[in-house]
Amino acid sequence: GEDVEQSLFLSVREGDSSVINCTYTDSSSTYLYWYKQEPGAGLQLLTYIFSNMDMKQDQRLTVLLNKKDKHLSLRIADTQTGDSAIYFCAESGTGGSYIPTFGRGTSLIVHP
Amino acid sequence: DAGITQSPRHKVTETGTPVTLRCHQTENHRYMYWYRQDPGHGLRLIHYSYGVKDTDKGEVSDGYSVSRSKTEDFLLTLESATSSQTSVYFCAISEPRRFNYGYTFGSGTRLTVV
């Protein structure tokens, strides 16, 4: 079945770049998403990429998609302490299913 | 989150009692989902709905039931609460014609079963 894998933790220094990685198994996914969850809150959509794209940039965020390796990454430039959160990778449902599959989330810790 | 609210935000209940959580949306989205979030497990789908009175099970549906009598409301019921159902519950909505909008989540309900 579909599966989305992420590393559980990432620690970076303020001002550095953060790269959060994700692998997925369903090659027919149409959309891939990155969500951010701050403590005590729900998940908030950060950005998405359509499956026919290789890269998408949105201010400090860069999403790279390697369809051959089924690898998705989120780069946050100039990471700030306010970026500390859990980041979830998700793929949209496929084959007529609209049920997304989420990774377990990567906890990003930003040190001053 | 705008357009989707969950109630209550926090609840403490006793083992064996029934509990109902409510999700209300104002976006007229066709799909609604209930997830639970637990440390080490990420998000796990409990039930989802693809229209009024149309629901289906997710991966962890045992002990839970749902109902959707109106587009805007999706109720999750724990028929007889157990301590293993202590968790944070999230509702989400989506509209298949707007896949680029992703899935919009509520703020969550923290449920403690004692």
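The listed protein sequences derive, respectively, from chains A and B.
Counting in the numbering used here, the first sequence runs from 160 upward without gaps.
Counting in the numbering used here, the second sequence runs from 7 upward without gaps.
Even for Gly, the Cβ is constructed at its ideal location relative to N, Cα and C.
All values reported here derive from a predicted model rather than from experimental measurement.
Are the Cβ atoms of residue 66 of chain B and residue 89 of chain B separated by less than 9 Å?
On the second sequence, residue 66 of chain B is found 60 positions in, with the first residue counted as 1. On the second sequence, residue 89 of chain B is found 83 positions in, with the first residue counted as 1. Cβ atoms of residue 66 of chain B and residue 89 of chain B: not closer than 9 Å.
Closer than 7 Å by C-beta to residue 182 of chain A: which residues in its own chain qualify, once you throw out the five before and the five after it? Chain order, please.
Numbered from its first residue, the first sequence carries residue 182 of chain A at position 23. Contacts found: 164, 229 and 230.
Is it right to say residue 160 of chain A is buried, meaning 16 or more other beta carbons lie within 10 angstroms of its own, or is it exposed?
Within the first sequence, residue 160 of chain A is the residue found at index 1, counting from 1. Since pLDDT at residue 160 of chain A reaches only 46, below the 50 mark, its modelled position is unreliable, and no value is offered.
Cβ shell of residue 7 of chain B (< 8 Å), same chain only, five flanking positions each side left out
Numbered from 1 along the second sequence, position 1 holds the residue referred to as residue 7 of chain B. Because residue 7 of chain B carries a pLDDT of 47, less than 50, the predicted location of this residue cannot be relied on, and the following value inherits that uncertainty. 110, 111, 112 and 113.
Keeping to the same chain, check which residues put their C-beta closer than 8 Å to that of residue 58 of chain B; ignore five residues upstream and five downstream.
What you label residue 58 of chain B is simply residue 52 of the second sequence in a count that begins at 1. Excluding residues within five positions, the ones whose Cβ falls inside 8 Å are 74, 75, 76 and 77.
Mind listing the chain B neighbours of residue 200 of chain A? Cutoff is C-beta to C-beta under 7 Å, in chain order.
Taking the first sequence and counting its residues from 1, one reaches residue 200 of chain A at position 41. Going along chain B in sequence order, the residues near residue 200 of chain A (Cβ under 7 Å) are 113.
Bridge-paired residues (DSSP) for residue 44 of chain B
What you label residue 44 of chain B is simply residue 38 of the second sequence in a count that begins at 1. Answer is B/48, bridged to residue 44 of chain B.
Compute the Euclidean distance between the alpha carbons of residue 55 of chain B and residue 93 of chain B, then round it to the nearest angstrom.
By one-based count along the second sequence, residue 55 of chain B stands at place 49. By one-based count along the second sequence, residue 93 of chain B stands at place 87. Taking the Cα positions, residue 55 of chain B is about 21 Å away from residue 93 of chain B.
If you measure from the beta carbon of residue 170 of chain A to each beta carbon in chain B, is any gap under 9 Å?
The count along the first sequence starts at 1 and reaches residue 170 of chain A at position 11. Not closer than 9 Å to any Cβ of chain B, the Cβ of residue 170 of chain A fails to qualify, so no.
To the nearest angstrom, how far is it from the Cα of residue 208 of chain A to the Cα of residue 180 of chain A?
Counted from its first residue, the first sequence places residue 208 of chain A at position 49. Counted from its first residue, the first sequence places residue 180 of chain A at position 21. Distance between the alpha carbons of residue 208 of chain A and residue 180 of chain A: 14 Å.
To which residues does DSSP link residue 214 of chain A through a beta bridge?
Along the first sequence, one-based indexing puts residue 214 of chain A at 55. Assignment of beta-bridge partners to residue 214 of chain A by DSSP yields A/223.
Is there a Cβ of chain B sitting closer than 9 Å to that of residue 271 of chain A, yes or no?
The count along the first sequence starts at 1 and reaches residue 271 of chain A at position 112. No, residue 271 of chain A does not count as interfacial toward chain B.
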